[in-house]
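Visitor: First residue of the first sequence: 1204, per our numbering; consecutive thereafter. Handing you this structure, nothing more for now.
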Amino acid sequence: MLGYPAMNRSLREKDPPRRCNRDMRKQTWEQKGLSYAGELAEQNFADLRSILQWNLAHDIGFYRCSSTLVPWNSAFDIADLPNFERIRSLARDCGKLVKSNDMRLTFHPSHWCKLASESEDTVARSVESVTHHGRWLDMMDLPRSPRYAINVHIGAHYGDKDATADRFCDVITGLPARARERLTVENDDTESLWGVEELVDSVAARINVPVTFDYHHHTFTSRGLTYREGFNLARNTWGEIRPITHYSEPASLHGDTSARPQKHAESVATLPEWLRKESDVMVESNGKEQSVLSVRED
DNA sequence: TGGCGTCAAGGTTGC
DNA sequence: GCAACCTTGACGCCA
1204 MLGYPAMNRS
1214 LREKDPPRRC
1224 NRDMRKQTWE
1234 QKGLSYAGEL
1244 AEQNFADLRS
1254 ILQWNLAHDI
1264 GFYRCSSTLV
1274 PWNSAFDIAD
1284 LPNFERIRSL
1294 ARDCGKLVKS
1304 NDMRLTFHPS
1314 HWCKLASESE
1324 DTVARSVESV
1334 THHGRWLDMM
1344 DLPRSPRYAI
1354 NVHIGAHYGD
1364 KDATADRFCD
1374 VITGLPARAR
1384 ERLTVENDDT
1394 ESLWGVEELV
1404 DSVAARINVP
1414 VTFDYHHHTF
1424 TSRGLTYREG
1434 FNLARNTWGE
1444 IRPITHYSEP
1454 ASLHGDTSAR
1464 PQKHAESVAT
1474 LPEWLRKESD
1484 VMVESNGKEQ
1494 SVLSVRED
């Protein structure tokens, strides 16, 4: 399967626009509070259902939902929203669509989520973040499995990778099951951070968390492994579950010669056949769903 | 209504 | 030690 993240450009341009990433700023949260958060969440879940229906109609079985599905959820318990029952009903609709059509729905909490941080407060906020992502998947009645992944980065080294891996493993082990049993960890795109081999050795082998192989990120953290070798290492951490990989191409090879090498291109042109055959591929490009449709035609 | 400055959160790197 | 950067869209003020 091929998939895309967050925004569906076709539905975003409709009138009214369909999108599941309505958000609010701090000031608005402080002024309008729970009831407005509930309104946004309800609209987001309703539009998530529309996006999944659109995906189904276009034979796209894989989708990564925005983390602003429930804006400011770190500040309240979702069950306290005044329209919680309506939200839960919409969530169940979404889950039914996913399950009955063998689709795959995942999340990717933002780079603020630092589960291996040296700061207790930061860890607590990060734990809360992955936990409420797990709560949303529970509300959709989706199984607690990396098939419906909550994918994170370690995203830092704190000057001591061994100690960082220890903290990461400890925190993951102590997570509530709704997050722990869905968690996956992805290689970083910065040389000093975490490559596939390091994640396999320091995390997957110890606490059985699958490694998401990001093809483009591997360019920066390969540690001498080919793409194929990197993928093979990650694949073996997934057990019976079909692995998820991320694929994108650098903007610098698509004409944007001044772009930093990490930047994603608008589209993808040379998705390797072996990657597609052996994994479900999240296509990360600015073209979003259009990139999936066009790469599939090739 | 359109344009545009700004946005909760962490951490690394460059100057 | 401080500022820029990540990622990038979307919020929301203001003319």
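In this text, a Cβ means the ideal position worked out from N, Cα and C, and glycines have one as well.
Three or more C-beta pairs closer than 8 Å, one from the stretch 1395-1411 and one from the stretch 1338-1355: is that the case here?
Guide: Result no; under three Cβ-Cβ pairs closer than 8 Å.
Visitor: Are the beta-carbon atoms belonging to R1307 and F1265 less than 8 Å from one another?
Guide: Cβ distance < 8 Å, so R1307 and F1265 count as in contact.
Visitor: DSSP three-state call for G1206: helix, strand or coil?
Guide: In this structure, G1206 counts as strand in the three-state DSSP scheme.
Visitor: Taking E1242 as the reference, give the member of A1382, W1275, H1356 and G1337 with the closest Cα.
Guide: When only C-alpha atoms are compared, the closest one is W1275.
Visitor: Starting from I1375, follow the beta strand (DSSP E) in both directions and report where the run begins and ends.
Guide: I1375 -> not in any beta strand (DSSP E); alpha helix (DSSP H) instead, spanning K1364 to T1376.
Visitor: What residue ranges within the stretch 1447-1485 form continuous beta strand (DSSP E) runs of no fewer than 3 residues, ordered along the chain?
Guide: Counting only runs of 3 or more, we get 1447-1450.
Visitor: Helix, strand or coil, according to DSSP, for R1426 in the structure here?
Guide: DSSP places R1426 in coil when its eight states are reduced to three.
Visitor: Apart from the five residues on each side of it in sequence, which residues of its chain come closer than 6 Å, Cβ to Cβ, to G1298?
Guide: For G1298, where only same-chain residues beyond five positions count, the Cβ hits under 6 Å are M1343, D1344 and L1345.
Visitor: Report all residues from its chain with a CB closer than 6 Å to the CB of S1320; omit the five preceding and five following residues, and keep chain order.
Guide: Excluding residues within five positions, the ones whose Cβ falls inside 6 Å are V1326.
Visitor: Might you give, ordered along the chain, the residues of its own chain that have their beta carbon closer than 8 Å to the beta carbon of D1404, omitting 5 neighbours on each side?
Guide: Same-chain partners within the cutoff: there are none.
Visitor: Using the beta-carbon count (16 or more within 10 Å), is W1477 buried or exposed?
Guide: With fewer than 16 Cβ atoms within 10 Å of its Cβ, W1477 is classed as exposed.
Visitor: With distances taken Cα to Cα, identify the nearest neighbour of A1244 among A1260, I1263, S1269 and I1375.
Guide: The candidate whose alpha carbon is nearest that of A1244 is S1269.
Visitor: Excluding the 5 residues flanking D1392 on each side, which residues of the same chain have their C-beta closer than 6 Å to its C-beta?
Guide: Same-chain partners within the cutoff: H1420, F1423 and Q1465.
Visitor: Just how far apart, CA to CA, sit R1293 and L1428?
Guide: Going by the sequence as given, residue 1293 is Leu instead of Arg. Rounded to the nearest angstrom, the two C-alpha atoms are 44 Å apart.
Visitor: What residue range does the beta strand (DSSP E) around Y1386 cover?
Guide: Checking the sequence, you will find Leu at residue 1386 rather than Tyr. It spans L1386 to E1389 - the beta strand (DSSP E) in which L1386 sits, taken as one unbroken run.
Visitor: Helix, strand or coil: which one does DSSP assign to T1271?
Guide: Here T1271 sits in coil by DSSP.
Visitor: In whole angstroms, what separates the C-alpha of P1285 from that of L1237?
Guide: Their backbone Cα atoms lie some 8 Å apart in a straight line.
Visitor: Tell whether a beta-carbon distance below 8 Å holds between V1355 and P1413.
Guide: Going by C-beta atoms, V1355 is not nearer than 8 Å to P1413.
Visitor: Please classify T1393: does DSSP put it in a helix, a strand, or coil?
Guide: Note: T1393 maps to coil in three-state DSSP.
Visitor: Based on Cα-Cα distance, which residue from F1279, S1451, A1359 and I1254 lies nearest to Y1430?
Guide: Closest by alpha carbon: S1451.
Visitor: Report the partner residues of Y1418 according to the DSSP bridge assignment.
Guide: Answer is none; Y1418 lacks a bridge partner.
Visitor: Does the beta-carbon of R1426, which I'm using as the reference point, lie nearer than 7 Å to any heavy atom of the ligand GTP?
Guide: Summarising the ligand content, the structure contains no ligands, and the ligand GTP is consequently not present.
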